[in-house]
Amino acid sequence: MVYYFTSEVVQPPVTLFMGVDKYENDDLIKWGWPEDVWFHIHTYSSAHVYLRLRPGQTIDDIPSTVLEDVAQLVKANSVEGNKLNNVDVVYTMWSNLKKTQGMEVGQVAFHIYKDLRKIHVAKRINTIINRLNKTKRLEQVNFQAEREQRDRNEREDKKKLQREQKEREKAEEKQKQEEAEIRSYNSLFNASNMISNTENSGYDSDDFM
1 MVYYFTSEVV QPPVTLFMGV DKYENDDLIK WGWPEDVWFH IHTYSSAHVY
51 LRLRPGQTID DIPSTVLEDV AQLVKANSVE GNKLNNVDVV YTMWSNLKKT
101 QGMEVGQVAF HIYKDLRKIH VAKRINTIIN RLNKTKRLEQ VNFQAEREQR
151 DRNEREDKKK LQREQKEREK AEEKQKQEEA EIRSYNSLFN ASNMISNTEN
201 SGYDSDDFM
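Sequential numbering from 1 applies to the sequence shown in UniProt numbering.
See below:
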């Protein structure tokens with residue numbers, strides 16, 4: 001089961017989501033998308049909150065207002081962190097998450113620690129939490145099926161782009177051949193004219209004389 005929240009501080013709105021427990025967190029770690037950004041409170045236990053980037057977006061494109069919403073949501077869903085002021089929330093791309101044998105359920109490490117980013121949260125802002133909680137909904141999700149469908153769509157999109165590229169290349173090659181044939185014809189036509197004009201000029205001179 002997954003909790004979904006809608007952040008409407010930007011348009012179009014952004015969807016945030018998190019697993020209901022550590023077992024769901026493990027599934028999200030395993031079947032996350034390359035477009036997912038993972039958020040967690042630093043040094044304390046908390047929910048794993050995700051934001052899914054839109055096509056073409058990068059982690060650098062996340063608006064500061066959205067980052068504030070996510071950070072507040074993470075803090076509010078940490079038993080210890082929710083009680084404290086001046087905490088940090090770390091975030092990174094899903095692809096940087098690392099799960100190894102022997103790790104606890106819901107526990108995660110990172111491939112590259114320097115790729116972790118931080119947001120400082122001075123205190124809980126209830127207006128943000130209340131606004132997000134009003135959009136909260138719970139859904140049953142098949143993480144594996146969604147990821148596999150996402151990958152199928154990506155493969156189909158790549159195949160479509162490759163087909164379109166081949167069609168463009170064929171059309172360009174055909175156009176080049178047609179243009180080359182026209183140039184060849186024009187060159188032959190002009191050469192014939194030159195020969196004809198020269199011959200006519202000679203006859204005229206002979207006749208004149």
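Cβ coordinates follow ideal geometry from the N, Cα and C atoms, glycine included.
- When secondary structure is reduced to three states using DSSP, residue 91 falls in the strand class.
- Here the region 83-98 lies against the region 112-127, with 3 or more beta-carbon pairs under 8 Å apart.
- Using a Cβ distance threshold of 8 Å, residue 89 and residue 39 count as a contacting pair.
- For residue 52, the closest C-alpha among the options 74, 35, 77 is that of 35.
- Annotation: residue 139 is outside any alpha helix (DSSP H); the continuous beta strand (DSSP E) that includes it extends over 137-139.
- Residue environment: residue 73 is assigned as buried (16 or more neighbouring CB atoms within 10 Å of its CB, all protein chains considered).
- Within the same chain, 109, 110, 111 come within 6 Å of residue 98 by CB-CB distance, once the 5 residues on both sides are set aside.
- Per DSSP, residue 30 is one residue of the alpha helix (DSSP H) stretching across 22-31.
- Residue 79 counts as exposed, since fewer than 16 other C-beta atoms from the protein chains shown sit within 10 angstroms of its C-beta.
- Our two residues, residue 174 and residue 153, have alpha carbons roughly 31 Å apart in a direct line.
- Note that the C-beta distance between residue 136 and residue 5 is below 8 Å.
- Nearest neighbour of residue 114 by Cα position, chosen from 37, 13, 96, turns out to be 96.
- With respect to the C-alpha of residue 23, the residue from 8, 150, 11, 1 having the closest C-alpha is 1.
- For the pair residue 177 and residue 170, the Cα-to-Cα distance works out to about 11 Å.
- Only buried fits residue 41, as 16 or more other CB atoms lie within 10 angstroms of its CB.
- The residues 105, 106, in chain order, have a CB closer than 7 Å to that of residue 26 in the same chain once the five nearest residues on each side in sequence are set aside.
- Remark: C-beta atoms of residue 7 and residue 66 approach each other more closely than 8 Å.
- Among the bridge pairs identified by DSSP, residue 40 is matched with 90.
- When the beta-carbon positions are compared, residue 55 and residue 10 stay at least 8 Å from each other.
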